[in-house]
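In what follows, a structure is listed as structure tokens, so that the remarks can point back to it.
Protein chains: 2
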Amino acid sequence: MVSSKDVAKRAGVSQTTVSRVLNTPELVKKPTLDKVMKVINELNYIPNAHARSLVQNKTNTIALLSGPLDNPFFVDTTSAIINYANEMGYRVNVQYVNDQKLIEAYAAAFENRVDGIILSCILIDDPIFDKLKQMDIPFITYNRKHKNNENFVEIDNFEAGYLSAKHIIELGHKTIAWVGGPLTVSTFNNRYFGFLQAMKDYKVPVSEQYIFNTDTSKQDITRAFQRLMKLEHRPTAICTGADSLALNLIDDAIRENIIVPDDLSIIGIDNVDLSQHGLIQLTTVGSILEQNLGHLAIRELINMIENKKNSCIKITESVKVFNRRTTGKMNM
Amino acid sequence: MVSSKDVAKRAGVSQTTVSRVLNTPELVKKPTLDKVMKVINELNYIPNAHARSLVQNKTNTIALLSGPLDNPFFVDTTSAIINYANEMGYRVNVQYVNDQKLIEAYAAAFENRVDGIILSCILIDDPIFDKLKQMDIPFITYNRKHKNNENFVEIDNFEAGYLSAKHIIELGHKTIAWVGGPLTVSTFNNRYFGFLQAMKDYKVPVSEQYIFNTDTSKQDITRAFQRLMKLEHRPTAICTGADSLALNLIDDAIRENIIVPDDLSIIGIDNVDLSQHGLIQLTTVGSILEQNLGHLAIRELINMIENKKNSCIKITESVKVFNRRTTGKMNM
DNA sequence: TCCTTAAATGAATACGTAACCATTTTTAAG
DNA sequence: CTTAAAAATGGTTACGTATTCATTTAAGGA
């Protein structure tokens, strides 16, 4: 591989001048600049970003630790994050992390001396959080947050769960199920308790048989669905912890010839892009803003990186119901 | 940031020994190893991957230049590529490239001295191809291919277009439209000519009014749809160049209260994961294999990187029709 | 005990760049 | 012309690691 020294030798200048040609061309005389540029093109010289990183202590790289893309929420956010970061001149190292591989993912980010880390996969009570803080690398969590209540961008999850239940209750449903995710995760936790609060406020009875906090795997969701459908009094509506769960449940329902929303109302949370598709039209609760959480978070992260201020980001977006086609009034 | 020299000093050994502790621990005596490991943990030392890259001329990084995630095809492939690469110990720099930003994307990959490049976004007649070959970096294209016919993994696109048309013709349709993409792209090109061949073989007339090779933007697809619906003899079926196009057209149809498939049959190509969802059940043509093209391609790429053999990958997977719910017999 | 060989460690160097400081060349002012 | 200042360029070093080669230490055989 040709280096700046090779260019320098061939052009009859010093390596320093080659460096200047690319970084501060205004400091080099026109004829010299032309001469060097000519050689650069002749030799097809491409500067080595790693060598630069070493001396500048800056990599222009951001690590993204995201949930898996079979969840459409992460499709929306991954897309927004990468596009914005690229626009701002950053490359993005993406990893789709499951909970086992989390440690390795962090290690990789640290070894690569990324300028910042944007992550969704963190538990309320996650020991990694302190390690992150101690590493002194700018980072931000989107969607989920840590109990320390620092550096996050989220929607108002409690309110989302609350509004979701309220919407269903106001449609006249009496037998309402909850299918959510692990309570060790802030989103599912707060959404679940929001749901419970609404049920309490509107005096709708909650029985344990109707509550499933799954591990968010397809199998576990299907298992929850089948258990619900085997109950003596089937629920007429399901509030879910996320659109991805709702979409899985709808798929299950269709497979069992259960009509949504006639036989069963289903409501999600997140308002993922996909939910608007004509074939889907999922009723859901989501941010009142156009831009998704990934976009908000990456903007804040890059701002942190470039301004070096240790301001602690705490953003909680308001939510509203997007009333579409998967919920309806209860049938007698 | 603490370096291996810091560790060495504190542990009372040479930097070389610290390096050995991490890379070839079998060459260092037990007491020394323990002593050094203790200091590594105390100081929270993390080796610098960039410095290592510099001396080893290996980055363990792969660049992925993908199409945008609003196309579900790229959701499936991005996911497969990143997961497999991570499993094999590579990090992945992802860029979602539009045709303008392509040059910058390549530049970024080159500057970072990635070990390999996996890309979808290449035109049949793309000058970048020669540059890629000349750079001597292992690379592979998935989905699309270059006219040079080297290093690609694709489905049999001509056959896919052919089977798509055949399926529709055999359902009795006489007025059949085509909505595809730019013919400068191998996939759309071959699929289109496969479509035409079937129309010819089965003696179904083809009129220009029914042919739209869009730029694959939502607006352009919608424009094509509206033009088709304004024709005196509306098509009763649309063959599309990709599932993403089909899904957009179905969305348009629903918005105009046109029932799929009763009023209009629509068939895609790619068999994206999403097409199987109960709410969608898109009839489509896709690979007979389980694994998607991204998975096949990244396997080949990593193989190329690690075995350094210059074998030229040419893989074309067979296809079949996945008959689901968006196509039906022609109504009288 | 001595000698040979193997095991363990260290010193020096290269990787490719940007930054710092020193030097040379050019320009402008007097 | 001279001289001071500014502009242009070059020499040297640091960044943090792995590698190569040299050196020291330990082990084993006679």
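Chains as they are written, first to last, in our numbering: chain S, 12 to 343; chain Z, 12 to 343. We put the beta carbon where it would ideally sit given N, CA and C, even for glycine. In this text the structure is predicted, and so the values were computed from the model without any measurement.
Proximal residues to residue i (C-beta, below 7 Å), its chain only, five neighbours per side dropped
i         : result
Lys229(S) : Asn259
Asn318(Z) : none
Ala235(S) : Val190, Phe223, Thr225
Ile44(S)  : The displayed chain sequence assigns Leu, not Ile, to residue 44(S). Once the five neighbours on either side are set aside, the close Cβ partners of Leu44(S) are Val32, Pro36.
Lys340(Z) : Leu182, Gly183
Val24(Z)  : Thr43, Val47
Leu300(Z) : Glu328
Continuous beta strand (DSSP E) stretch holding residue i: start and end
i         : result
Gln106(S) : 102-107
Leu130(Z) : 127-130
Ala248(S) : 248-251
Pro183(Z) : According to the sequence as given, residue 183(Z) is Gly; it is not Pro. First-last for Gly183(Z): undefined, no H or E at that position.
Ser276(S) : 276-280
Ile261(Z) : No beta strand (DSSP E) contains Ile261(Z), which is instead part of the alpha helix (DSSP H) from 254-266.
Val296(S) : 295-298
Thr152(S) : 150-153
Val164(S) : 163-166
Environment of residue i [buried if 16+ CB atoms lie within 10 Å]
i         : result
Met12(Z)  : exposed
Ala118(Z) : exposed
Gly127(Z) : buried
Lys177(Z) : buried
Gly311(Z) : Just to set this straight, residue 311(Z) is Glu in the shown sequence, not Gly. By the 10 Å Cβ count, Glu311(Z) comes out buried.
Arg102(Z) : buried
Gln106(S) : buried
His244(Z) : exposed
Leu143(S) : buried
Pro216(Z) : exposed
Ser77(Z)  : buried
Asn52(S)  : exposed
Thr28(Z)  : buried
Ser218(S) : exposed
Tyr153(S) : buried
Any non-hydrogen atom of the ligand PLP closer than 7 Å to residue i Cβ
i         : result
Val215(S) : Among the components modelled here there is no ligand, and therefore nothing to report on the ligand PLP.
Span of the alpha helix (DSSP H) around residue i
i         : result
Glu219(Z) : Element bounds for Glu219(Z): n/a, residue is neither H nor E.
Thr198(S) : 197-212
Thr369(Z) : Because residue 369(Z) is not part of the residues shown, which for chain Z are 12 to 343, the question remains open.
Val86(Z)  : 83-98
Thr233(S) : 229-240
Leu143(Z) : 139-146
Residue i (DSSP reduced to helix, strand or coil)
i         : result
Glu37(Z)  : helix
Tyr117(Z) : helix
Ile313(Z) : helix
Gly23(Z)  : coil
Tyr56(Z)  : coil
Ile324(S) : coil
Thr43(S)  : helix
Asn224(Z) : strand
Lys112(S) : coil
Thr72(Z)  : strand
Val332(Z) : strand
Val29(Z)  : helix
Ser14(S)  : coil
Val190(Z) : strand
8 Å CB neighbourhood of residue i in its chain, flanking five on each side removed
i         : result
Asp254(Z) : Pro83, Phe84, Gly279, Ile280, Asp281, Asn282, Val283, Leu285, Ser286, Leu293, Thr295
Ala188(Z) : Tyr221, Ile222, Phe223, Leu239, Pro246, Ala248, Ile249, Cys250
Leu256(Z) : Val190, Gly191, Gly192, Thr225, Thr227, Ile232, Gly279
Asn123(Z) : Thr70, Thr72, Ala74, Asn104
Thr195(Z) : Leu134, Ile135, Asp136
Own chain, CB closer than 6 Å to residue i, minus 5 neighbours either side, in chain order
i         : result
Leu307(Z) : Val164
Ala74(S)  : Asn104, Ala120, Val125, Ile128
Ile316(S) : Asp126, Gly127, Pro149
Ala209(S) : Tyr173, Ala176, Lys177
Ile93(S)  : Val103
Lys49(S)  : none
Pairing CB atoms from the segment 169-179 of chain S with CB atoms from the segment 291-300 of chain S, are three or more of them under 8 Å? yes
Contact the segment 116-133 of chain Z vs the segment 322-341 of chain Z: 3+ CB pairs below 8 Å: no
Please determine if the segment 51-62 of chain S and the segment 12-25 of chain S are in contact, where contact requires at least 3 C-beta pairs separated by less than 8 Å. yes
Would you be able to state if there are at least three C-beta pairs under 8 Å between the segment 152-166 of chain Z and the segment 131-138 of chain Z? yes
Cβ contact check for the segment 184-203 of chain S and the segment 319-328 of chain S: 3 or more pairs under 8 Å: no
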